[in-house]
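Under the working numbering, think of the first position of the sequence shown as 180, with each following residue one higher.
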Amino acid sequence: MGHWKFLQEGDIIDAVSPGYASTPEDIEGSREFLLRWGLTPRIPKNLIKPHFLHSNEDEARFRFLKAAIEAEDSNTIWCLRGGYGSNRLLPMLAKLTKPKQPKLVIGLSDVTSLFAFFQQEWKWPVMHAPILDRMGRNVTLPRHEKEFRDLLFGTKKEITFKKLKPLNDAAKETKQIKSKIVGGNLTVLQSTMGTPWQIKADRSLLFIEDIGERGYRIDRMLEQFRQGGILKKCDGIILGEFLEGAEPKTGVNNFKQVFNRWAQDLEIPLYSGLEAGHGTIQRPIPFGTSCELSKSGNSFELVIQSGGKK
């Protein structure tokens with residue numbers, strides 16, 4: 180996986196909008212946030228236009244993404260928000276010539292589609308982390324914003340997740356796993372199945388999270404992964420946050436039963452407790468870099484290298 184350059188004050192950040200539209204207020208908030216971090220926001224004037232599904236027409240969203248990819252004066256692409264649309268850009272992306280210089284791509288949720296392409300096709304570094312307009316709304320806790328900034332600016336070269344919970348015997352009996360992280364939003368990962376950009380989890384720890392999906396849908400997606408061979412050579416699965424998805428009859432979700440079932444079914448380790456997803460806490464996760472998961476008392480600790488360099 181290619182290295183990315185640590186941010187420095189004054190660096191240009193290319194904002195893109197591959198999925199849903201951000202409001203004018205959120206765009207302005209994103210701009211102010213980047214300026215507060217000492218960075219130079221580049222948010223094209225016509226990035227957002229009225230559309231019944233997306234932030235703009237497919238061709239326009241791709242044109243702005245292509246410009247950010249090919250810009251020689253920037254090293255970082257940061258998605259304004261998630262929301263459906265990124266996967267429609269992949270066939271157009273596939274026709275581009277891979278630039279010589281890799282860039283860091285930041286986002287989450289629907290941006291998982293772009294992650295699958297950039298990580299697998301171009302070996303570009305990607306980071307599952309808060310979208311720009313969320314940072315611009317100032318809803319991130321100060322300690323988590325500092326952790327994120329330290330990681331991007333190179334003050335910290337790794338991030339540690341403590342107290343991961345082992346859910347099956349394979350996880351409990353594991354002492355150490357040296358691997359790399361792949362994955363993202365479970366529903367979006369499922370949408371890559373059967374495409375040229377189908378998620379590959381061989382010799383990797385698969386991180387998954389989701390929001391608004393009921394338990395049977397989560398079970399169905401994981402079963403498709405199993406039948407599709409995605410889990411065959413996977414080092415293990417790590418669960419981020421799974422939110423909402425209440426059952427109509429009970430008003431609560433049945434995630435616990437679903438994941439307990441999978442814990443018993445799986446021959447590979449299954450862990451929960453990674454503080455990332457669509458919830459209040461969205462800690463950054465570098466994908467594709469070296470990581471180490473090791474036992475710490477009755478729980479596990481995951482240390483992921485940032486992949487950045489000066």
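Glycine included, C-beta positions come from ideal geometry on N, C-alpha and C.
Note: Y450 is bridge-paired with P345 and I417 in the DSSP secondary-structure output. An exposed status is given to E402, since fewer than 16 other beta-carbon atoms sit within 10 Å of its beta-carbon. The alpha-carbon of G467 is positioned some 31 Å away from that of L232. Burial state of E251 is exposed, judged by a 10 Å Cβ sphere holding fewer than 16 other Cβ atoms.
Taken in chain order, the unbroken stretches of alpha helix (DSSP H) that lie wholly in the region 323-399 and span 4 residues or more are 348-351 and 365-370.
Judged by beta-carbon spacing, T353 lies within the 9 Å limit of K474, meaning their Cβ atoms are closer than that value. If you draw a 10 Å sphere on the C-beta of R240, you find 16 or more other C-beta atoms in it, and that means buried. CA-CA distance, I409 to R382, rounds to 11 Å.
Across the structure, C258 and H182 are spaced so that their CA atoms are roughly 19 Å apart. By the Cβ test, the region 271-287 is not in contact with the region 342-350, since fewer than three Cβ pairs between them sit closer than 8 Å. Residue pairing from DSSP places I191 in a beta bridge opposite T219. The alpha-carbon of D444 is positioned some 48 Å away from that of D190. Between the alpha carbons of F332 and Q187 lies a distance of about 6 Å. M306: member of the beta strand (DSSP E) spanning V305 to H307, first to last residue.
Here T255 is buried. Its C-beta has 16 or more other C-beta atoms within 10 Å.
Going by DSSP, S469 is part of the beta strand (DSSP E) stretching over S469 to S475. CA-to-CA, the gap between Q484 and K428 works out to about 44 Å. Relative to V318, the option among L472, G487 and I460 whose CA is nearest is I460. Look at the beta carbons and you see the region 202-215 touching the region 310-324: at least three pairs across the two are nearer than 8 Å.
Put simply, the backbone Cα of A295 is about 15 Å away from that of E388.
Collapsing the DSSP output to three states places V431 in coil.
Listed in chain order, the non-local C-beta contacts of A308 below 6 Å within the same chain comprise I285 and P463, local neighbours out to five positions each way being set aside. Closest in C-alpha terms to I447, from the list G362, Q436, P345 and G487, comes P345.
For the pair I356 and L384, the CB atoms are nearer than the 9 Å cut-off. F421 places its beta carbon 9 Å or farther from that of F404. Per DSSP, the beta bridge partners of I464 are H307.
Burial check for G476: the Cβ neighbour count within 10 Å stays below 16, so the residue is exposed. According to the DSSP secondary-structure assignment, L283 is paired through a beta bridge with T255. Within its own chain, the residues whose Cβ lies closer than 6 Å to the Cβ of R267, once the five positions on either side in sequence are excluded, are D237, listed in chain order. The alpha carbon of G217 has as its nearest neighbour, out of S196, N364, S469 and I192, the alpha carbon of I192.
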